[in-house]
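Asker: The following block contains the structure, expressed as structure tokens.
Listed below in structure tokens is the structure:
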């Protein structure tokens, strides 16, 4: 039978615990993302600092718009290590479509309207509807939603901070009037 020696003294136990804690602290992941934070969501300018707070930890970021153009109603996936992280979805509608119409068949808890009803947010997303006649054959009004797939308690506030300038940039990129 093998003799593993006598048990550690209290001083040796404390020293071993401190070494273990310091090694763990040294090997813990660094703050921030392991990949460069973009300043856009699939080519539409977005606040880099806010986007960093929404994107998830991982090693690689990929942005994919699929085959739809902006005038067809683009769906943008931002993948981190192959998993959806942040998405932007835009769809065209007929004239007269409103933000309230957007939620007609879309049950959302905790919906709050802000900026005079121009935007609506919930725990994992935010949406707006903009008039943009003559740009697309699909319609004259565009609904845009940005969502945080693996949202947390900070997501709604971050999304509300991100989207006013993002939606304006989207509108400008499409060439919408006003």
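Numbering (the numbering used here), first residue to last: 341 to 518. Glycine included, each C-beta is placed from N, C-alpha and C at the ideal position. Just so we're clear, the structure is a prediction, and the values are computed from it rather than from any experiment.
(1) Where DSSP assigns a beta bridge to residue 444, which residues make up the other side?
(2) Can you check the segment 416-486 for any alpha helix (DSSP H) of at least 4 residues that lies completely inside it and give the ranges in chain order?
(3) On the CB-based measure, 16 or more other CB atoms within 10 Å of its CB, does residue 446 come out buried or exposed?
(4) In terms of alpha-carbon separation, which member of 442, 432, 397, 449 lies closest to residue 426?
(5) Cα separation between residue 369 and residue 491?
(6) Go ahead and label residue 414 buried or exposed: buried means 16 or more other beta carbons lie within 10 angstroms of its beta carbon, across all protein chains shown.
(7) Is it true that the CB of residue 385 sits closer than 9 angstroms to the CB of residue 509?
(8) Which same chain residues end up closer than 7 angstroms to residue 464 when comparing Cβ atoms and leaving out the 5 residues on each side of it in sequence?
(9) In angstroms with no decimal places, state the Cα-to-Cα distance between residue 444 and residue 390.
(10) Which residues in the same chain have their Cβ closer than 7 angstroms to the Cβ of residue 517, if we skip the five residues on either side of it in sequence?
(11) Under 8 angstroms by Cβ, that's how I've got residue 484 and residue 460 pegged, so tell me the actual separation to the nearest angstrom.
(12) When DSSP labels each residue in this structure, what does residue 373 get in the three-state scheme?
(13) Looking at the unbroken alpha helix (DSSP H) that takes in residue 391, where does it start and where does it end?
(14) Taking all protein chains shown into account, do 16 or more other C-beta atoms lie within 10 angstroms of the C-beta of residue 506, making it buried, or fewer, making it exposed?
(15) Contact check, residue 439 vs residue 418 under 8 angstroms by CB: the rounded distance?
(16) Among the candidates 405, 423, 451, 430, whose CA atom is the shortest distance from the CA of residue 472?
(17) Measuring straight from C-alpha to C-alpha, what distance separates residue 412 and residue 498?
Answerer: Based on what the coordinates show:
(1) In DSSP, residue 444 forms no bridge with anything.
(2) 439-442
(3) Its Cβ having fewer than 16 others within 10 Å, residue 446 is exposed.
(4) Nearest of 442, 432, 397, 449 to residue 426, Cα basis: 397.
(5) With a pLDDT of 40 at residue 369, under the threshold of 50, the modelled position of that residue is not reliable, and the figure given next carries that caveat. Going from the Cα of residue 369 to the Cα of residue 491 covers about 20 angstroms.
(6) Residue burial annotation: residue 414 is buried, with at least 16 other C-beta atoms found within 10 angstroms of its C-beta.
(7) yes
(8) 487, 488, 491, 495
(9) 29 angstroms
(10) none
(11) The Cβ separation is near 11 angstroms, so there is no contact.
(12) Of the three classes helix, strand and coil, the one that applies to residue 373 here is coil, per DSSP.
(13) 388-394
(14) Under this definition residue 506 is a buried residue.
(15) Wrong, their Cβ atoms sit about 24 angstroms apart, outside the cutoff.
(16) 430
(17) 28 angstroms
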